[in-house]
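*Asks:* Take a look at the following structure, please.
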Amino acid sequence: MALRFIATAACLGCLALPARAQEAREIEPSIIKRDAYREVVGPEIRDPSLTSPIAAPAVDFQLTTENKYKKAKALVGLRVGNDLFFDVKFIAPLSDGDSEVEPIDMDGLSKSSVVDMGIHFLAWNPRLDAEIAREVFEEYLRRHPSSSSAAGARPKPISLLMLRDEPDLRKRFLEAVEWGNAYFAAFRLKVGRQGFTYADADFREISTQKTSRAVEAAGGVLTPRFGYFGVNLEYQVFFDGAASTELILPFRQGSAEQVKKLVFGPPSRGERFKIQFEHRKAVTEHLALNPKLSYFPREKVTLAELPVYLFKNADEGLNGGVTLSWTSKHGGRFGMGIFIGASFSIFP
Numbered sequence: 006m007a008l009r010f011i012a013t014a015a016c017l018g019c020l021a022l023p024a025r026a027q028e029a030r031e032i033e034p035s036i037i038k039r040d041a042y043r044e045v046v047g048p049e050i051r052d053p054s055l056t057s058p059i060a061a062p063a064v065d066f067q068l069t070t071e072n073k074y075k076k077a078k079a080l081v082g083l084r085v086g087n088d089l090f091f092d093v094k095f096i097a098p099l100s101d102g103d104s105e106v107e108p109i110d111m112d113g114l115s116k117s118s119v120v121d122m123g124i125h126f127l128a129w130n131p132r133l134d135a136e137i138a139r140e141v142f143e144e145y146l147r148r149h150p151s152s153s154s155a156a157g158a159r160p161k162p163i164s165l166l167m168l169r170d171e172p173d174l175r176k177r178f179l180e181a182v183e184w185g186n187a188y189f190a191a192f193r194l195k196v197g198r199q200g201f202t203y204a205d206a207d208f209r210e211i212s213t214q215k216t217s218r219a220v221e222a223a224g225g226v227l228t229p230r231f232g233y234f235g236v237n238l239e240y241q242v243f244f245d246g247a248a249s250t251e252l253i254l255p256f257r258q259g260s261a262e263q264v265k266k267l268v269f270g271p272p273s274r275g276e277r278f279k280i281q282f283e284h285r286k287a288v289t290e291h292l293a294l295n296p297k298l299s300y301f302p303r304e305k306v307t308l309a310e311l312p313v314y315l316f317k318n319a320d321e322g323l324n325g326g327v328t329l330s331w332t333s334k335h336g337g338r339f340g341m342g343i344f345i346g347a348s349f350s351i352f353p
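In structure tokens:
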């Protein structure tokens, strides 16, 4: 008889194993994938980021602070089928810092209000030893008779979360799962809008707006033991304001003077291509790492980053920490930033 898995809308990770089940070998992806995903990431690590194909359709709000820039993010996600996931992010900067670009900052859209649209695909088929799963189910029913179904009724679902109260059964069940590797691919389109103010030769202020855009492709593999390894390719067209200059000018044509900070000249257009390799790993329930190594061929610049997730929120899991970085730009520069509100995700 076939091993069956059932789920409800409230418990996508639930599974039910009728006592007659014996021979099925594959876990139904739409049913068990969420629980299996949590096991690979770490049972105590919550991954609420909607960039993850495992996340449920929802709306989320984040406030991130890194270096000089603060951003507000609203995210909307929707899954279609078992493996295809769409998301849209609305990102608005809450402060601009000054007009000069940080030497460690290689994101041309960091100061823009951005609409970021993504398509994600996850290919993953964890497999199960049906005989061991059946034995676990029957033992669970012996210990919890109230979980049994009435004669002729559909079996009540149990989940890995429920098995946490039975550590020996949970261990046996997890040993019966052949996790395999998960293969991830994504494509993103970003459109940003930013306002600039600059002065002409007569010191008159001129305001203008420019539209930046970027396309990004990502792919990688998630291994149960070592975490996620991926490569990201991104092409950007963006605009940068010139550096500001402090001038001493007459105040209302009188004898008094005032110091005024002005930017001369309109924003300049730039293009950038990025090749990035990254690794994502939840080390413990209180520590996750996301080292990245990026190369920018046009500028011939290398950027190394190490976000370390250390701060944990009861509702959002690991969502803050410290970023250490180094760039070969300007002869080599080190940087450090603190981020808050950026939830750890095992996928980009």
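Under our numbering, the first residue of the sequence shown carries the number 6, and numbering increases by one thereafter. Note that CB positions come from ideal geometry on N, CA and C, so glycine has one too.
On a Cα-Cα basis, can you pick out the residue from Arg230, Met341, Leu238 that is closest to Thr289?
*Replies:* Arg230
*Asks:* Identify the residues that DSSP records as bridge partners of Leu315: which are they?
*Replies:* Paired residue(s): none; Leu315 is not in a bridge.
*Asks:* What ranges does the beta strand (DSSP E) occupy inside the stretch 209-251, keeping only unbroken runs of at least 3 residues that lie completely in it?
*Replies:* 210-228, 232-245
*Asks:* Under DSSP, the alpha helix (DSSP H) around Arg175 begins and ends at which residues?
*Replies:* 172-180
*Asks:* Between which two residues does the beta strand (DSSP E) containing Leu89 stretch?
*Replies:* For Leu89, the uninterrupted beta strand (DSSP E) segment begins and ends at 89-98.
*Asks:* Looking at the structure shown, is Lys334 part of a helix, part of a strand, or coil, going by DSSP?
*Replies:* helix
*Asks:* Determine the DSSP secondary structure at Phe142, reduced to helix, strand or coil.
*Replies:* Residue state, collapsed to three classes: helix.
*Asks:* Could you tell me the alpha carbon to alpha carbon distance between Phe189 and Arg277, rounded to whole angstroms?
*Replies:* 25 Å
*Asks:* For a test of the three-state rule: what should DSSP assign to Ser260, helix, strand or coil?
*Replies:* coil
*Asks:* Helix, strand or coil, according to DSSP, for Glu290 in the structure here?
*Replies:* coil
*Asks:* Beta strand (DSSP E) containing Met167: first to last residue?
*Replies:* Careful: Met167 lies outside any beta strand (DSSP E) and carries neither H nor E.
*Asks:* Which class does Ser273 belong to by DSSP, given the choice of helix, strand or coil?
*Replies:* strand
*Asks:* Pick helix, strand or coil for Arg303, following the three-state DSSP scheme.
*Replies:* coil
*Asks:* Could you name the residues of the same chain whose beta carbon sits closer than 7 Å to that of Leu114, not counting the 5 residues immediately before and after it, in chain order?
*Replies:* Shown here for Leu114: same chain residues with a beta carbon closer than 7 Å to its own, the five before and five after excluded, namely Lys195, Gly197, Ser217, Ala219, Gln241, Phe243 in chain order.
*Asks:* By alpha-carbon positions, which one of Ser333, Thr250, Thr328, Glu144 ends up nearest to Ala293?
*Replies:* Thr328
*Asks:* Taking Gly185 as the reference, give the member of Thr202, Arg177, Leu133 with the closest Cα.
*Replies:* Gly185 has its Cα closest to that of Leu133, out of Thr202, Arg177, Leu133.
*Asks:* Could you tell me the alpha carbon to alpha carbon distance between Glu4 and Leu252, rounded to whole angstroms?
*Replies:* Outside the shown range of the chain (6 to 353) lies residue 4, about which nothing can therefore be said.
*Asks:* In terms of alpha-carbon separation, which member of Pro150, Thr228, Thr213 lies closest to Ala287?
*Replies:* Thr228
*Asks:* Would you tell me roughly how many angstroms separate the C-alpha atoms of Ile211 and Gly275, rounded to the nearest one?
*Replies:* The straight-line gap separating the alpha-carbon atoms of Ile211 and Gly275 is approximately 21 Å.
*Asks:* Is it buried or exposed for Val85, if we count other Cβ within 10 angstroms and need 16 for buried?
*Replies:* exposed
*Asks:* Once you ignore the five residues that flank Ile124 on each side, which residues in its own chain have a CB closer than 7 Å to its CB?
*Replies:* Phe91, Ala191, Phe192
*Asks:* What does Lys265 pair with, by DSSP beta-bridge criteria?
*Replies:* Leu252
*Asks:* Tell me the DSSP secondary structure of Ser350 in three-state form.
*Replies:* coil
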